[in-house]
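Take a look at the structure set out below.
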């Protein structure tokens, strides 16, 4: 099998490494010429290609699967539309005829539910934010493509990453939105294995939620961290409305991904996922 990965960053690079370790021939694509030597030295054939510039999407090698993990890096609505809508359209139009599968990263932010209900892949997606609307438009394009599979990823954490955790450790965390709203998270390493399963064609669907087994209330998460580190519970941010625009409250189900993709999580809840960084903090005291 030959796989071409766009977006060789926080998730894409370990995915490339994991697939390569299985014996898959991995080709990486980056929009940054400065990264070519790094990726080549890591053992990957590397292309310079920018999905937002259609003129760079040519002369692809023969591959069986294309994975798109290019992200907006926290940009605003214009960046989301440029990367997720225009960029993905460019990439779909440029796919080599040899491609049998196209795997696209999306986000559970497409769910706007705010009453704590469980949502799955059949639940409505009607986000208020323009960023979420761009993701919905992108997903529709990919799912209309006969080779397309979308993986909706929840809040990512892992080595060096975890916004709420890092804020808590630094004493800067604040309870925002509804105090009892649910957080949906997933460890970077589990995202990698989910994409591995999708690349290998496991599952018959074209849409999966990639999140851990246990949505946790914001207050419960902070109480748990406080108990682990013997620190105070964060205060509520008085400037934030309990119904802050864009802050939702839903429990995202991963049942379909676990059953159809055969996806087994190494970190089924936040407790396992944050155990290592918590131990590092304790040992450094």
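Numbering (our numbering), first residue to last: 34 to 318.
Even for Gly, the Cβ is constructed at its ideal location relative to N, Cα and C.
Just so it is clear, the structure is predicted and the values come from calculations on it, not from any experiment.
Extent of the continuous alpha helix (DSSP H) to which residue i belongs
i	result
residue 46	45-54
residue 224	221-232
residue 166	163-177
residue 317	308-317
residue 133	From DSSP, residue 133 is part of no alpha helix (DSSP H); its letter is neither H nor E.
residue 72	69-74
Whole-angstrom distance between residue j and residue i, CA atom to CA atom
i	j	result
residue 252	residue 202	15 Å
residue 308	residue 47	20 Å
residue 231	residue 136	7 Å
residue 63	residue 76	15 Å
residue 100	residue 35	11 Å
residue 154	residue 213	24 Å
residue 49	residue 41	8 Å
residue 280	residue 163	14 Å
residue 127	residue 235	24 Å
residue 263	residue 316	14 Å
residue 303	residue 219	8 Å
residue 159	residue 250	23 Å
residue 258	residue 44	25 Å
residue 121	residue 84	7 Å
residue 175	residue 228	16 Å
residue 172	residue 119	12 Å
residue 178	residue 205	44 Å
residue 311	residue 93	44 Å
residue 297	residue 156	23 Å
residue 55	residue 161	41 Å
residue 71	residue 261	38 Å
residue 285	residue 146	10 Å
residue 180	residue 52	20 Å
residue 272	residue 211	13 Å
residue 69	residue 270	44 Å
residue 37	residue 200	35 Å
residue 306	residue 195	10 Å
Nearest-angstrom beta carbon gap, residue j and residue i [assumed within contact, 8 Å]
i	j	result
residue 141	residue 186	7 Å
residue 133	residue 184	Contact doesn't hold; Cβ gap of about 17 Å is too wide.
residue 283	residue 152	5 Å
residue 102	residue 198	In fact, because the Cβ distance is near 22 Å, the residues do not count as touching under 8 Å.
residue 129	residue 95	6 Å
residue 268	residue 208	7 Å
residue 149	residue 215	6 Å
residue 237	residue 313	With 8 Å as the limit, residue 237 and residue 313 do not qualify as a contact, their Cβ atoms being about 41 Å apart.
Beta carbon of residue i nearer than 7 Å to that of residue j
i	j	result
residue 287	residue 248	no
residue 60	residue 78	yes
residue 167	residue 113	yes
residue 241	residue 290	yes
residue 105	residue 116	yes
residue 300	residue 246	no
residue 182	residue 239	yes
residue 266	residue 255	yes
residue 82	residue 123	no
residue 108	residue 143	no
residue 191	residue 221	yes
Sheet register partners of residue i (DSSP bridge)
i	result
residue 252	Paired residues: none, contrary to the question.
residue 140	186
First through last residue of the beta strand (DSSP E) which encompasses residue i
i	result
residue 58	58-63
residue 197	That residue, residue 197, is in no beta strand (DSSP E); its alpha helix (DSSP H) goes 196-202.
residue 291	Run containing residue 291: none in the beta strand (DSSP E); it sits in the alpha helix (DSSP H), 288-293.
residue 79	78-81
residue 125	No beta strand (DSSP E) holds residue 125; the alpha helix (DSSP H) holding it covers 121-127.
residue 113	Where residue 113 is concerned, there is no enclosing beta strand (DSSP E), although the alpha helix (DSSP H) it sits in stretches over 110-113.
residue 184	181-186
residue 280	Here residue 280 belongs to no beta strand (DSSP E), and DSSP marks it neither H nor E.
residue 263	Here residue 263 belongs to no beta strand (DSSP E), and DSSP marks it neither H nor E.
residue 298	Element bounds for residue 298: n/a, residue is neither H nor E.
residue 217	Per DSSP, residue 217 belongs to no beta strand (DSSP E) and is neither H nor E.
residue 102	It is not in any beta strand (DSSP E) - residue 102 carries neither H nor E in the DSSP assignment.
residue 35	35-39
residue 325	Absent from the structure is residue 325, since the part of the chain shown begins at 34 and ends at 318.
residue 240	240-243
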